[in-house]
């Protein structure tokens, strides 16, 4: 990092003033040390360089530095140069972002007065947020039961990176380095249009599709077009905390209806539609989070009828479409005759690895146009390089091959994990084997999940303490346990730890 | 794309029903053709495969297909297979996303009834947006005068891609494929903390910083924490349309104060602060967009005093810090004693190439924590691969070297472009040579900019028609002209086209 502070700007000389120039220089530097701009141990430019920068005689600079050294603000280290002193006479910084220094070390002169800012904002924020982003603390070396993430070890990341490499060699790649469309790169849009039509029975054109950075961005964009403060949304309960938070942050009223083993309760949805104007219904047909149930084909058709009758928009969050073990997936509502009521959001981040942030949203053309514009105020555009590489893997079949392979492996892992839960933890946990997806919804009636999580961490297993799934006032004793990212021996170990912890907790 | 529609789900057999099974199969397929799920020309699985999928005798399948062929729904192509007929007896699809087909081609059965949805949503959207995202239409082969973008031809993208390649070979790279923090990867956070402290005189720790996907995301996140519907914001006028739109979409009242050659008018800001509670002041110190003026050091200090007195948060959008030709940059307000009032947003996308979507936001620790959480509802996290590669280039000095090189070249380009404007277009255009940045603010008193833009496009030059800079009711006759991305011969050509067009327009 060869760049230097702009000393010629820091040091302001008033030639018409009464103060000698060398003292003006010294005072400027003292000011900046006190403000924390010039930090302890920082090397200053040499006298020759400073003289040239400031357009002054070198002797003036020398006089200034002597003054500073005499006052104890700087120190000369032989054969190395001149540095801001480590042992400063007096400092009063610490009123900007809080001068307590940070993990990056090296800067941060400790404030000598109680910093009124000390890392605190001096303005009002209306936004508050006490919900946990996650309640699974990671400890290095521990096995980690996640919320239902893919196994990154299976993903064809070598092919993905090779694709970026070979694309970047093409002359046509240059165009993708400039600003592009907030709807995504054209190449991925056409590829994905055909892919979704072929695999999910959609019948869309490119104009009905935009690329997002995942299901979350799709949900957010759709909701921000559909909801204004006070609008009513219907969600399933128990539900997905991130989606509910999104609707709440947009000022909407979140109406919760029960979810049973067929999915969201249609008659409860209808009762609400009769009572008040519902702007949005949010469903996760494969598989409702956290309970993992699949929305039945019958209910899909009933919901479409309701949406049409009451003019309710549906966000169909089909994040788990690719992963089924006992049967094929049910085709999305977006593939049926939905009269323009369905916004279909999905992701490829669970298909490859979470770090490849690519999802999509399909919907009516005018809706997609507005959503793309709305996107440009939160995030100008996606990652062209990633989008192109993914399009390449979709076209050459690598994505399909990877899905087939993952489904085979996750199938075995689901069976193994559910077998362990039944055999090893039988008397403590209730669950229904999910027909697809990457997680099992488990209920631990009477178990102190916080204590369990804490005990497990000490024995090599990181697992949710339940806060994320059981918010205040709604205790399901529930945990959603991801099985897909753990191989069978890791599963054995994880469930063994749980068994040992539960024994001690009796 | 080897994946297939789930025929075993599409075709539902009711063995207890009165209808013969082969007819049930045929009727299912007809239903899905009519719904558009099975589209014209789609190949169906072979009889053997279908029989296996459905668990039926192959003769039953054959009978079903004969029925379908007789009715004209499918056609057999010798030695190829069985396909949904191109010439369908009757279809009524087109009520989902609009069945008019799309640019990607191949699907899209044309609707035979006027599709009630025809690409239109059947629900209410409160969000509308008539502002242009850009008013510069691109024509292949034309020279493009942008809003002030970097020249992608100069960027060390080979080094960037090599960095991704070599990082991806490391075993430690695997961890970055999983979900990460919405605040950014730790490696880039520490690198950037030191870099910002060293180059911009900030004195922050890692806890005061988060990675964004550019200035726009930083502005959006900060504003969404600071503003609620009805909050008051102050911006400079003329101003930056994307920022103003962001504040408006959050429901805030946007108060415009004049910008002169020293930056935003401080006394106008103070007058507003006295009259009403101001939540946020938005400034672009280097360089105010669109006019390119630099906020003077005196005004920076005055604004900090005002912010402290009236408890106003300041978003300091310093997108152009790296590019100065006549002097060094002025240190950010965030480097001064700002009492925790300044949120500092910046970007590296203009430093490398726009497609590398990486920016940052520095602020008080509690603010940054909330902002990272707020980010997770619009976009879980950034791109770990890109962030790591950029951190590598920052650490090994490649970014600094690239900045130095770009500044040298852009300096020449600014001088050349301003020279051309003076010499060739002297009597038509007014401008002040900007001290830095990538664009010149030009005024075309009495010129029909729409006509100019249209005429230029026909002669090989794409240029704004002014809509973006001169919204209804505020005609500055202004255009912001990017000079950095055009080499001198391209500039010669561009200005020549403008001269020729203007001659004809007299």
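Protein chains in written order, with my numbering: chain A, 1 to 506; chain B, 1001 to 1506. Even for Gly, the Cβ is constructed at its ideal location relative to N, Cα and C.
Item                                                                                                                                  : Value
Beta-ladder partner(s) of residue 1212(B), from DSSP                                                                                  : 1359(B)
Buried or exposed by the 16-neighbour rule on C-beta atoms within 10 Å, applied to residue 341(A)                                     : buried
Euclidean distance between Cα positions of residue 1026(B) and residue 297(A)                                                         : 19 Å
Chain-order list of residues whose beta-carbon lies under 8 Å from that of residue 1449(B) (same chain, five-residue window excluded) : 1464, 1465, 1466, 1470, 1477 and 1479
Pair within 9 Å by beta-carbon distance, residue 250(A) and residue 362(A)                                                            : no
Cβ-heavy atom distance, residue 194(A) to the ligand COA, below 8 Å                                                                   : This structure lacks the ligand COA, and indeed carries no ligand of any kind.
Sub-9 Å separation of residue 1498(B) and residue 1456(B) beta-carbons                                                                : yes
Proximity winner among 1140(B), 1146(B), 1015(B) and 1080(B), relative to residue 1483(B) (alpha-carbon distances)                    : 1146(B)
Nearest-angstrom Cα separation, counted from residue 1425(B) out to residue 1186(B)                                                   : 51 Å
Interface partners of residue 1214(B) on chain A, CB under 8 Å                                                                        : 379 and 380
Local Cβ density within 10 Å of residue 413(A), reported as buried at 16 or more and exposed below that                               : buried
Test: residue 538(A) CB closer than 9 Å to a CB of chain B                                                                            : The structure shown does not extend to residue 538(A), since chain A is modelled only from 1 through 506, so no value can be given for it.
Contacts that residue 228(A) makes with chain B (C-beta to C-beta distance below 7 Å)                                                 : 1126
Proximity of residue 11(A) and residue 68(A) at Cβ, strictly below 9 Å                                                                : no
Test: residue 1255(B) CB closer than 9 Å to a CB of chain A                                                                           : no
For residue 374(A), the three-state DSSP class (helix, strand or coil)                                                                : helix
For residue 385(A), the first and last residue of its enclosing alpha helix (DSSP H)                                                  : 384 to 395
Boundaries of the beta strand (DSSP E) in which residue 347(A) is found, first to last residue                                        : 342 to 347
Chain A contact residues for residue 1201(B), given Cβ-Cβ distances below 7 Å                                                         : 5 and 37
Within 9 Å, strictly: CB atoms of residue 231(A) and residue 253(A)                                                                   : yes
Expected contact under 8 Å - CB spacing of residue 299(A) and residue 259(A) to nearest Å                                             : With a Cβ gap of about 11 Å, residue 299(A) and residue 259(A) do not count as contacting.
Cβ neighbour criterion (16 or more within 10 Å) applied to residue 374(A)                                                             : buried
Beta-bridge pairing of residue 448(A) - partner residues as DSSP gives them                                                           : Per DSSP, none; premise fails for residue 448(A).
Residue-level contact to chain A via CB, residue 1311(B), 9 Å cutoff                                                                  : yes
Which of helix, strand or coil DSSP assigns to residue 1258(B)                                                                        : strand
Among 1353(B), 1057(B) and 1377(B), nearest to residue 245(A) - alpha-carbon criterion                                                : 1377(B)
Distance, residue 354(A) Cα to residue 124(A) Cα                                                                                      : 35 Å
Whether residue 240(A) touches residue 323(A) by CB criterion (9 Å)                                                                   : no
At least 3 beta-carbon pairs within less than 8 Å: the stretch 1313 to 1322 of chain B vs the stretch 1274 to 1287 of chain B         : yes
Contiguous beta strand (DSSP E) assignments of at least 3 residues, all confined to the stretch 402 to 432 of chain A                 : none
Per DSSP, the bridge partner or partners of residue 1236(B)                                                                           : 1257(B)
Three-pair Cβ contact test at 8 Å for the stretch 1037 to 1057 of chain B versus the stretch 1069 to 1084 of chain B                  : yes
Cβ of residue 239(A) within 9 Å of any chain B Cβ                                                                                     : no
Pick from 1247(B), 1408(B), 1169(B) and 1158(B) that is closest to residue 1226(B), judged by C-alpha positions                       : 1247(B)
Cβ-based burial, residue 170(A) [other Cβ within 10 Å; buried from 16]                                                                : exposed
Short Cβ contact (9 Å threshold) for residue 21(A) with residue 33(A)                                                                 : no
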